[in-house]
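For reference, the structure is listed below as structure tokens.
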Amino acid sequence: MCVAWGLCSCRRIRPLLKSELDMRCYDCLQEARSDTAGIGVCSRCGLAACENHARVRQVQVTRQVGMGVAYGRIPARRVVCHTCDRAETAH
Numbered sequence: 001m002c003v004a005w006g007l008c009s010c011r012r013i014r015p016l017l018k019s020e021l022d023m024r025c026y027d028c029l030q031e032a033r034s035d036t037a038g039i040g041v042c043s044r045c046g047l048a049a050c051e052n053h054a055r056v057r058q059v060q061v062t063r064q065v066g067m068g069v070a071y072g073r074i075p076a077r078r079v080v081c082h083t084c085d086r087a088e089t090a091h
């Protein structure tokens, strides 16, 4: 059985509808607002988040260089949901 529904050429199945491809914010769905589009996926838990529930954080990129560690000059971006952001920054 193929798991790539709508994308597989192994058998003929109906094409996916645009509404099935849209990513919806998980937190908004929990608040009974199902029309909010997600803008990203949380890098910690994998849930979709909208612009109100997503937090974009900077992370320092490191790589192994010989016996030490080198840090990149430009920080990278990382999207986290509101819940994971609160958990990561709790003291």
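Residue numbers (my numbering): 1 to 91. Ideal Cβ positions, reconstructed from N, Cα and C, are used throughout, including at glycine.
Check	Outcome
Suppose you measure from the CA of A37 to the CA of L17; what does that come to, to the nearest Å?	16 Å
Could you give the DSSP three-state label for T62: helix, strand or coil?	strand
Assign M1 to one of two classes, buried (16 or more other C-beta atoms within 10 Å of its C-beta) or exposed (fewer than that).	Caution applies to M1, whose pLDDT of 47 falls short of 50 and renders its modelled position unreliable; the model cannot decide the point.
In the DSSP assignment, the beta strand (DSSP E) including A76 goes from what residue to what residue?	76–81
Between R57 and V41, is the Cβ-Cβ spacing less than 9 Å?	no
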